[in-house]
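Line by line, the protein sequences are chains A and B. Those letters in the first sequence? Residues 347 to 983, per our numbering, in order. Those letters in the second sequence? Residues 17 to 508, per our numbering, in order. Quick reminder that beta carbons are idealized off the backbone N, C-alpha and C, glycines included. Every value quoted in this text rests on a predicted model; they were computed, and no experiment measured them. What follows is a set of notes on a single structure, which appears directly below.
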Amino acid sequence: MVWLPVLTPLIGGVVIAALRRQQTAARMASVLAMVATVVAAATVAASQAAGEWTWGGGLDLAVSVTGFGRIMVILVPLIAALVLIFAAANSEEDRAIVKLLVVLTWFVAAMELLVIAADFLTLLIGWELVGAASWVLIGHEWRDPDRPRSAREAFVTTRFGDLGIYVAAGAVFAATGSLQYTDLAAASPGWLAIVAGGLVLAAAAKSAQVPFSPWLFSAMAGPTPVSALLHSATMVAAGAYILIRLQPTLSMVNWFAPVVVGIGLITALAGGMVALAQQDLKKALAGSTSAQYGLMLIAVGAGFTAAAAGQLTAHALFKSLLFLAAGVALHARGTLDLSKLRLGSALPRIAVLFGIGALALGAVPPLGAAFTKEAVLAGAFHSGIWVGLGTAVAGLLSTVYAGRLHMLGYGPGPIGEIHGSPRRGEVTALGILAALSLALGILWLPGGDAILEWAADGAILATTRAEIVLSWALVALGIAVVAVAWRRGRLVTLGLPSRTREFIAGWWGLPSAARVLIVDPVSRLGQGLFVADRKVVARLADAVAGFGELMSRILKRVVDRSIDAIVWGIGAGTIQGAEISRLADDRGVDGAVEGLASGIGVAGTQSRRTQTGMSYHYYTMMMIGLVVAIAVAAFWR
Amino acid sequence: MLTLAIFVPLAVAAITLAIPKRHERLARPLAIWTSFIPLIVVAVSWARFEIGTGFQLVESLPWIPSLGISYTVGVDGLSLPLVALTAVLFTVSIVFPVDDRGKARAYYATFLFLEAISLGVFLSLDLILFFVFWDLSLVGMYFLIGVWGHGDAQRSALKFFLYTLLGSLALLLGILGIYLYTNPRTFDMVEIIATLPVPAGGLAATLIFVAVGIGFAVKTPLVPFHTWLPPAHVDAPAPASTILAGVLLKMGTYGFIRISLQMLPETFQRYALPLGIIAVVSILYGALVAMAQTNLKRLIAYTSVNHMGYVILGIAAAGALGIGSEASRSIAMTGAVVEMVAHGLITGALFLVSGSILARGKTYELDQYGGLAGKAPRLAGITILAAFASLGLPGLAGFVAEFQIFAGTLGVFPWLAAIGLLGIVITAALFLRMIQQVFLGDLPVRWEGWKDLRRVEMWALVPLGALVVIIGVAPAWLIRVIDTLSQVVARG
Chain A
347 MVWLPVLTPL
357 IGGVVIAALR
367 RQQTAARMAS
377 VLAMVATVVA
387 AATVAASQAA
397 GEWTWGGGLD
407 LAVSVTGFGR
417 IMVILVPLIA
427 ALVLIFAAAN
437 SEEDRAIVKL
447 LVVLTWFVAA
457 MELLVIAADF
467 LTLLIGWELV
477 GAASWVLIGH
487 EWRDPDRPRS
497 AREAFVTTRF
507 GDLGIYVAAG
517 AVFAATGSLQ
527 YTDLAAASPG
537 WLAIVAGGLV
547 LAAAAKSAQV
557 PFSPWLFSAM
567 AGPTPVSALL
577 HSATMVAAGA
587 YILIRLQPTL
597 SMVNWFAPVV
607 VGIGLITALA
617 GGMVALAQQD
627 LKKALAGSTS
637 AQYGLMLIAV
647 GAGFTAAAAG
657 QLTAHALFKS
667 LLFLAAGVAL
677 HARGTLDLSK
687 LRLGSALPRI
697 AVLFGIGALA
707 LGAVPPLGAA
717 FTKEAVLAGA
727 FHSGIWVGLG
737 TAVAGLLSTV
747 YAGRLHMLGY
757 GPGPIGEIHG
767 SPRRGEVTAL
777 GILAALSLAL
787 GILWLPGGDA
797 ILEWAADGAI
807 LATTRAEIVL
817 SWALVALGIA
827 VVAVAWRRGR
837 LVTLGLPSRT
847 REFIAGWWGL
857 PSAARVLIVD
867 PVSRLGQGLF
877 VADRKVVARL
887 ADAVAGFGEL
897 MSRILKRVVD
907 RSIDAIVWGI
917 GAGTIQGAEI
927 SRLADDRGVD
937 GAVEGLASGI
947 GVAGTQSRRT
957 QTGMSYHYYT
967 MMMIGLVVAI
977 AVAAFWR
Chain B
17 MLTLAIFVPL
27 AVAAITLAIP
37 KRHERLARPL
47 AIWTSFIPLI
57 VVAVSWARFE
67 IGTGFQLVES
77 LPWIPSLGIS
87 YTVGVDGLSL
97 PLVALTAVLF
107 TVSIVFPVDD
117 RGKARAYYAT
127 FLFLEAISLG
137 VFLSLDLILF
147 FVFWDLSLVG
157 MYFLIGVWGH
167 GDAQRSALKF
177 FLYTLLGSLA
187 LLLGILGIYL
197 YTNPRTFDMV
207 EIIATLPVPA
217 GGLAATLIFV
227 AVGIGFAVKT
237 PLVPFHTWLP
247 PAHVDAPAPA
257 STILAGVLLK
267 MGTYGFIRIS
277 LQMLPETFQR
287 YALPLGIIAV
297 VSILYGALVA
307 MAQTNLKRLI
317 AYTSVNHMGY
327 VILGIAAAGA
337 LGIGSEASRS
347 IAMTGAVVEM
357 VAHGLITGAL
367 FLVSGSILAR
377 GKTYELDQYG
387 GLAGKAPRLA
397 GITILAAFAS
407 LGLPGLAGFV
417 AEFQIFAGTL
427 GVFPWLAAIG
437 LLGIVITAAL
447 FLRMIQQVFL
457 GDLPVRWEGW
467 KDLRRVEMWA
477 LVPLGALVVI
487 IGVAPAWLIR
497 VIDTLSQVVA
507 RG
């Protein structure tokens with residue numbers, strides 16, 4: 347029962363694969379599978395079910411749907427359903443679409459497992475399977491040699507973070523003999539600190555925080571629906587989700603709060619500027635994903651998990667909307683270059699929908715996203731004035747880049763050439779996502795914070811009047827900045843020199859730093875070791891041959907001339923090699939040996955030569971062993 | 017009954033040689049059907065195995081009573097999974113099509129001979145019997161590589177033979193050392209494990225430990241004793257590589273548990289940390305050098321060094337009595353044994369796949385390929401499955417093992433586990449690159465006519481893939497059996 351949110355998409359994927367010859371049916375099936383998963387998830391969430399799957403040897407996979415997991419378990423397939431409606435409507439790449447739908451469905455299954463996990467083993471399984479699915483999805487167009495490379499970069503980066511979960515799991519097990527979340531609190535402070543360290547590492551990598559953020563750029567190689575899902579409710583969401591889930595226990599570690607807040611704040615600021623400086627619509631959105639997850643981490647670190655959970659939910663809705671709309675833009679213009687889009691007049695309906703997403707991203711009231719961002723801001727001020735101010739700046743950045751993206755992407759402009767207009771299914775998906783983003787505005791109604799606290803099973807801090815004033819003033823300022831820059835035609839370049847802009851837009855040089863500091867040295871180390879290894883091989887071969895030679899010489903001297911022939915064989919076989927070995931053969935080597943050897947089935951002179959040589963080696967060794975054995979046995983008593 | 021698993025293949029091997037030349041094509045079906053006998057024996061043994069007790073299904077005959085040598089076979093939580101692995105791998109390797117160079121009788125006879133010998137190594141409960149089988153395994157493998165190999169096969173075979181022979185000499189000395197402490201003199205392994213005759217702490221115990229350790233380290237192989245492995249694999253025919261990696265390497269790790277750990281526990285405990293360090297060196301060294309490879313088969317060979325490092329790390333942690341909790345040591349041990357089985361299945365599959373690729377493309381050089389996924393979806397699918405299993409993806413067998421090894425070791429040698437974990441990132445990078453180079457990207461024009469896997473190849477590969485998935489998803493049936501051993505070892 348509790349496994350249904352995992353099993354439904356898993357089986358759904360198999361069904362889709364089976365229908366690969368009937369394209370339409372396969373597309374329908376993919377959407378239906380997701381709708382069924384939403385229903386299953388809702389049922390499970392309502393009953394707060396739990397379950398176990400035994401591995402033996404004291405290991406059990408435990409799952410339960412509690413806390414924020416109740417919302418998340420529904421949110422994941424809900425967004426996936428809309429993304430799949432969009433993907434299924436897209437019929438350009440007929441041949442590969444079924445594979446895409448199958449893996450997207452399994453991607454959801456893996457994420458659902460991660461969401462309902464109640465122990466670190468199950469968490470790790472879901473966590474890594476999400477990563478593997480993303481490898482397939484990012485490299486979907488595998489015939490293009492660059493895409494598999496991007497997929498590999500993304501997978502390897504996030505897998506480095508996965509090590510954190512391995513470490514956390516091992517530490518919990520060492521401390522308590524159990525892997526359950528519920529036993530985590532029983533761990534001693536030392537082990538708990540290791541668990542926290544591991545989880546922070548894993549979460550930072552998965553949620554694209556500094557210094558791991560650039561993998562999201564690699565992930566851009568995937569098709570639009572993949573980005574939409576990966577940036578919203580799946581994959582990237584996992585990092586923030588697990589910290590929200592385990593914050594109550596992890597916060598007992600005294601450095602947990604400052605470290606998480608620090609990572610979040612740095613990423614929110616740095617990522618915000620990346621989003622601002624980018625000239626590529628999807629990459630700008632990717633930069634903003636890192637920044638938005640940075641905001642969630644600030645809230646988690648500050649101890650207000652409900653604010654983080656609210657932000658995660660709001661972000662999932664508007665970010666999938668924005669990515670899908672970006673896909674429409676790519677389709678229409680054949681490029682994502684922000685200086686060439688301005689689709690407002692060409693695609694007015696999509697422009698409105700994108701605008702709703704942008705308003706949410708910019709945290710403009712009365713959208714729900716504004717409410718959650720203010721909750722984050724309140725939490726940030728609670729943990730320190732500088733954190734609060736930094737978060738306020740990050741918020742200002744988000745308003746500015748959201749406005750910039752909207753104006754450059756879907757702002758008024760010449761109609762120009764349109765390569766393809768959006769299909770009905772695509773518009774439907776965008777419309778529903780926009781409606782959901784708007785609907786989240788109910789959080790502004792009285793009791794909104796109570797709803798959030800109940801849904802997220804965590805705390806939220808009421809915003810003070812000063813914070814509201816600051817926040818709204820910053821939103822207004824941000825909009826004003828965009829308006830001024832737009833009017834002056836500076837919105838594309840921001841008036842920055844192009845080298846600075848490119849440096850920031852390229853994630854502050856992090857990708858090249860990673861290449862120079864990690865990737866290249868490691869592969870050079872591998873090359874160097876291999877060269878050394880081959881030299882050692884050669885040396886050892888010589889050494890072994892030398893040893894054989896020495897043994898043969900000694901034996902030749904020691905052993906009586908009466909077994910002359912065999913000894914000659916030993917000596918000759920090793921010293922002078924095969925040619926003399928054959929002579930020795932002719933001189934009358936033990937017939938039985940040879941009979942046995944050829945009996946085993948080696949014909950032809952070449953192999954026989956080696957093999958008779960070998961028998962001598964073999965018997966040399968056996969004789970030495972025997973001599974030693976007899977000697978030891980004789981003298982020991 | 018276990019005796020049947022050894023002697024039926026041995027007898028049929030002799031019969032195969034006696035087949036007249038004109039009926040040569042009978043050799044293959046005869047060998048295939050014969051290889052099912054050990055499988056049946058394993059299945060029955062698994063059903064009759066009682067969880068929680070020591071050596072079972074023991075069969076014994078006096079051999080040289082005056083020296084305390086007997087023919088004794090039996091299974092426990094360690095050997096039963098390995099015997100099962102051996103039986104499975106031999107069946108699929110015999111089924112896998114190979115160019116027998118017109119010597120079908122000899123090829124299949126050698127395979128059956130080697131199967132009997134390999135089963136004997138894991139089933140023996142007498143040290144001399146164990147050693148005899150151990151040494152004969154070299155002979156069988158030597159012929160498989162030397163006669164049916166390619167490239168510089170004879171030189172590689174010679175290196176393999178000489179090197180591992182030196183290892184067995186050290187092992188023999190160690191075995192004799194243990195024997196000399198028994199009173200009354202016996203080679204009975206059950207007896208030795210129960211009474212632990214070698215006094216702990218002395219020079220003698222250390223010498224014996226080092227001697228058998230070298231023997232096993234060569235076979236496993238551990239860095240720096242691994243240099244025989246890559247050339248042997250590269251030049252061996254695919255099914256022989258599968259057996260070499262899947263079965264013969266396990267003899268080394270089996271020996272570390274059965275003899276080093278179980279017969280010399282206190283000495284093992286003292287040297288557990290150094291052994292763990294060597295294991296971590298093997299993990300990283302194997303992974304890094306594998307990453308530098310341009311040759312598919314050598315790449316897989318070096319990942320074996322890496323994976324055997326995981327196994328030894330788990331064993332070292334399990335034997336470090338007094339450090340960490342009993343539960344941590346126990347899952348490290350279970351992980352090590354699961355890794356032996358998982359590595360056998362996974363690497364076995366990878367080597368068979370590399371044989372299929374060689375048969376079609378005539379080269380192992382990775383940069384000669386590309387884009388094959390479109391031409392050969394079955395080949396790509398199975399290779400990707402095996403590669404992901406090898407890099408430790410959850411849901412597949414390798415993960416079950418590696419998770420337990422690392423989770424257990426972290427409670428015993430936290431730093432070693434943390435450093436060793438880097439290995440799984442490197443293997444991820446190198447396997448993904450391998451997949452990319454062979455199967456993704458542009459298809460070179462000359463592979464336009466590339467053929468996907470034939471049915472007979474699928475017959476060999478699909479069972480391996482299925483077992484990898486089954487163990488990855490529902491390993492309880494396997495872990496329960498191994499746990500029988502782990503609890504005993506972890507308790508000390």
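Residues near residue i in its chain [Cβ-Cβ closer than 7 angstroms; skip 5 each side]
{"i": "S597(A)", "result": "A603, G649"}
{"i": "D795(A)", "result": "I806, A808"}
Within-8 angstroms CB hit, residue i to chain B
{"i": "S685(A)", "result": "no"}
{"i": "L689(A)", "result": "no"}
{"i": "Y512(A)", "result": "yes"}
{"i": "Q873(A)", "result": "yes"}
{"i": "L509(A)", "result": "yes"}
Residue i and residue j closer than 8 angstroms at C-beta
{"i": "G387(B)", "j": "L456(B)", "result": "yes"}
{"i": "L699(A)", "j": "A678(A)", "result": "no"}
{"i": "G477(A)", "j": "F501(A)", "result": "yes"}
{"i": "T350(B)", "j": "I498(B)", "result": "yes"}
{"i": "I273(B)", "j": "I224(B)", "result": "no"}
{"i": "T580(A)", "j": "G673(A)", "result": "no"}
{"i": "V749(A)", "j": "G708(A)", "result": "According to the sequence displayed, residue 749(A) carries Gly and not Val. It is a contact, given that the beta carbons lie within the stated cut-off."}
{"i": "L658(A)", "j": "M642(A)", "result": "yes"}
{"i": "T595(A)", "j": "A531(A)", "result": "yes"}
{"i": "I31(B)", "j": "G136(B)", "result": "no"}
{"i": "V419(A)", "j": "I357(A)", "result": "no"}
{"i": "F669(A)", "j": "A715(A)", "result": "no"}
Nonlocal neighbours in the same chain, by C-beta distance under 6 angstroms from residue i, ignoring five residues either side
{"i": "A358(B)", "result": "A413, G414, A417"}
{"i": "L152(B)", "result": "I133"}
{"i": "Y284(B)", "result": "Looking at the sequence shown, residue 284(B) is not Tyr but Phe. Excluding residues within five positions, the ones whose Cβ falls inside 6 angstroms are S276, L277, G335."}
CB contact check: residue i to chain A, cutoff 8 angstroms
{"i": "A434(B)", "result": "yes"}
{"i": "Q384(B)", "result": "no"}
{"i": "T350(B)", "result": "yes"}
{"i": "L437(B)", "result": "yes"}
{"i": "P410(B)", "result": "yes"}
{"i": "L223(B)", "result": "no"}
{"i": "I347(B)", "result": "yes"}
{"i": "V461(B)", "result": "no"}
With 16 other Cβ atoms within 10 Å as the buried cut-off, status of residue i
{"i": "V114(B)", "result": "buried"}
{"i": "S109(B)", "result": "buried"}
{"i": "F6(B)", "result": "Nothing about residue 6(B) can be read from this structure; chain B reaches only from 17 to 508."}
{"i": "W488(A)", "result": "buried"}
{"i": "P36(B)", "result": "exposed"}
{"i": "F511(B)", "result": "Outside the shown range of chain B (17 to 508) lies residue 511(B), about which nothing can therefore be said."}
{"i": "Q503(B)", "result": "buried"}
Cβ distance (whole Å) where residue i is taken to contact residue j below 8 angstroms
{"i": "F261(B)", "j": "F404(B)", "result": "Per the sequence shown, the amino acid found at residue 261(B) is Ala instead of Phe. The pair is not a contact, with the Cβ atoms about 18 angstroms apart (cut-off 8 angstroms)."}
{"i": "V369(B)", "j": "A402(B)", "result": "7 angstroms"}
{"i": "A428(A)", "j": "L779(A)", "result": "Checking the displayed sequence, the identity of residue 428(A) turns out to be Leu instead of Ala. About 6 angstroms separates the two Cβ atoms, so the contact holds."}
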